[in-house]
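Numbering (UniProt numbering), first residue to last: 1 to 631.
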């Protein structure tokens, strides 16, 4: 089927379209009610279907002859460890750990917080929770105690599963003291904590509360899969909100499994038996969807990589994985490839490896700037697919459907809406914008399967945050436009559009130009308050390794480049070299925080920040250049 036919069917007859996709999964009871409204008036998928996600991803494949196929490959350069688990081994270990949880009283609907590094046991714990019909909430390993406490209080878990430590390039991060402090801070007290002891740092256990993972497994009885409804929650995943209080995105079982199974072939062109590498972390939505669940729902092999794209040990890390495990598709954030480009601009590491198995590279998680896009294509010889999605949706909203019909890519575009997502560009009044004109990106209801139906414990926050701006639409919070061919261009969060002397300008467009300079590895362009123009753009620039430039000359060159491409209207007159940019752990530059610093506003350091020290460092640099307003 062509893309046009597939997409048209999905938006004109969504019930028939998704009934067909759901039938591709091994339900205990096939859903008859495909689309319905819940008690809040929200569209829900497969309400009367009965299933179990762990069964669909593990037991089903064992029962149908894939028991000896590799399910999970664990590769950890930071611990010098490699392991491989077949589908049968995964099923058996998941059943045993589900037995451990069941012995601690975990039942259908209970919550379990998982605070783990990138180890196979993280996946085993997630699937074990799903096997019992319970709800997991994975917290990124190493989150500060306060942030972990906030999530414990919101999710109210019966059990917390953790490891004694996580490993970075040159340091060991002990998790257990942070968990102990979080529980001390939290009003809700979990009944039990299960600790995976890692040899790099053993944790001391609290008698009566803490259990050793290995000891608990040794005496466990395997637990069976518990049937759940299609609309029963599979997990809660916290994402940052504008209020500072994390939002618990809820994912249901039936819509999630249906959309992810469909996406593996439709978007990524992955079949059963293929190997898929998503270089993310189980604490993020990409990890949930494309490390843990989607590859195994599709009968493929997933890689759990405990390492970085660079310095574990070098910028050839991804390429080594692709050769060693015959990876068919690689998926990572653009920031990973910018790091590789910065350390290995001439791509000498790529030439050391055989990438013949690798068909395609996917990028998402932030805007893919054209310089990174072109560099990756040029140096790898592989097609690069930009696609756009959110924690809230759990899978791609826009992309290039490699398993249906490959479209000609356009740099800077996430290509076309994925089937099920009726993407519209709206002005502030909710009217559709003409081709080429920027506006708010919204999705016409009903949202397709896998998208959040609520915020955990706070439905009003869900309605106010996503459904109130444009009645009948989900508001994405991102801005962009469609071109005359319907290609969608994501230009950043709607508050990344700046108003310079009455002209609305995209900082994303300026970043593209600045990043094209041969000395620039990465950059952020933000709008700061300007007494004359309202806002004025400034560039914060990170140089490539080994580059030595006169900063005043570089600034003049960058100003000239922006002036040439956008015109004097851009009023881009300042570009400052910085040593690092403040980012979240998933690699997103904290542009809003940079704006607040420049405007002299009070700000809250978000829980997702990778290196808090980078904030004071960049604040000093901006202040020294006269860019911080002192109100």
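All residues carry an ideal CB built from backbone N, CA and C; glycine is no exception.
Exercise. Find the nearest neighbour of residue 322 within the set 382, 368, 573 and 599, judged by alpha-carbon distance.
Key: 382
Self-check item: Buried/exposed call for residue 638, threshold 16 Cβ in 10 Å
Solution: Residue 638 falls outside the range modelled here, since the chain spans only 1 to 631, and no answer is possible.
Practice problem: Take the Cβ of residue 625 as the centre, count every other Cβ of all protein chains shown within 10 Å, and call the residue buried at 16 or more, exposed below. | Solution: exposed
Quiz item: Of the residues 245, 81 and 107, which one's Cα is nearest the Cα of residue 149?
Solution: 245
Self-check item: residue 510 - DSSP class collapsed to helix/strand/coil
Solution: helix
Practice problem: Using only alpha-carbon positions, find the residue among 543, 154 and 576 that is nearest to residue 455. | Solution: 154
Practice problem: Express the C-alpha separation of residue 111 and residue 235 in angstroms, rounding to a whole number. | Solution: 8 Å
Self-check item: 8 Å Cβ cutoff met for residue 132 and residue 98
Solution: yes
Quiz item: Given a threshold of 16 other Cβ atoms within 10 Å of its Cβ, counted over all protein chains shown, does residue 1 qualify as buried or as exposed?
Solution: exposed
Quiz item: Can the beta-carbon of residue 48 be found less than 8 Å from the beta-carbon of residue 31?
Solution: yes
Practice problem: Can you tell me which of 337, 505, 227 and 524 puts its alpha carbon nearest to the alpha carbon of residue 659? | Solution: A question about residue 659 goes unanswered here, because the residues of the chain that appear run from 1 up to 631.
Quiz item: Under a three-way DSSP split, which group does residue 593 fall into?
Solution: helix
Quiz item: From the DSSP output, which residues share a beta bridge with residue 574?
Solution: 538
Quiz item: Does the count of Cβ pairs from the region 177 to 192 and the region 159 to 166 closer than 8 Å reach three?
Solution: yes
Quiz item: Distance, Cα to Cα, residue 251 vs residue 529?
Solution: 39 Å
Practice problem: Compute the distance between the beta-carbons of residue 440 and residue 492, then report whether it is under 8 Å. | Solution: no
Quiz item: Nearest CA to the CA of residue 426: which residue from 318, 437, 563 and 209?
Solution: 437
Quiz prompt | Beta-carbon proximity list for residue 327, same chain, < 8 Å, skipping 5 on both sides | solution = 275, 276, 277, 303, 321, 357 and 358
Quiz item: Where does residue 20 fall in DSSP's three states?
Solution: helix
Quiz item: Is the CB-CB distance between residue 300 and residue 273 below 8 Å?
Solution: yes
Self-check item: Where residue 132 sits in the DSSP three-state scheme
Solution: coil
Quiz item: Leaving out the 5 sequence neighbours to the left and right, which residues in its chain are closer than 7 Å to residue 412 when beta-carbon positions are compared?
Solution: 370, 489 and 512
Quiz item: By Cβ distance, which residues of its chain are closer than 8 Å to residue 632, with the 5 residues on each side in sequence left out?
Solution: This structure cannot settle anything about residue 632, because the visible part of the chain is limited to 1 through 631.
Quiz prompt | Contact under 8 Å by Cβ, residue 451 with residue 393 | solution = yes
Self-check item: Residues of its chain near residue 523, where Cβ-Cβ distance is below 6 Å and the 5 sequence neighbours each way are ignored
Solution: 511, 514, 515, 539 and 541
Quiz item: What residue ranges within the region 94 to 125 form continuous beta strand (DSSP E) runs of no fewer than 3 residues, ordered along the chain?
Solution: 111 to 115
Quiz item: At which residue ranges does the region 329 to 367 contain complete beta strand (DSSP E) runs of 3 or more residues, listed in the order of the chain?
Solution: 329 to 332 and 360 to 363
Practice problem: Under 7 Å Cβ to Cβ from residue 118, same chain only, skipping five residues before and after it: list those, please. | Solution: 281, 282, 304, 305 and 306
Quiz item: Which stretch, first to last residue, makes up the alpha helix (DSSP H) that contains residue 231?
Solution: Looking at the DSSP string, residue 231 is not in any alpha helix (DSSP H), and its letter there is neither H nor E.
Quiz item: Where are the alpha helix (DSSP H) runs, 4 residues long or more, that stay fully inside the region 168 to 253, in chain order?
Solution: 176 to 185 and 213 to 218
Practice problem: Spatial neighbours of residue 76 within its chain, please: CB distance less than 6 Å, with the 5 preceding and 5 following residues excluded, ordered by chain position. | Solution: 306
Quiz item: How many whole angstroms separate the CB atoms of residue 294 and residue 260, which I take to be in contact at a CB cut-off of 8 Å?
Solution: 4 Å
Practice problem: Flag this pair as yes or no: are the beta carbons of residue 365 and residue 109 separated by less than 8 Å? | Solution: no
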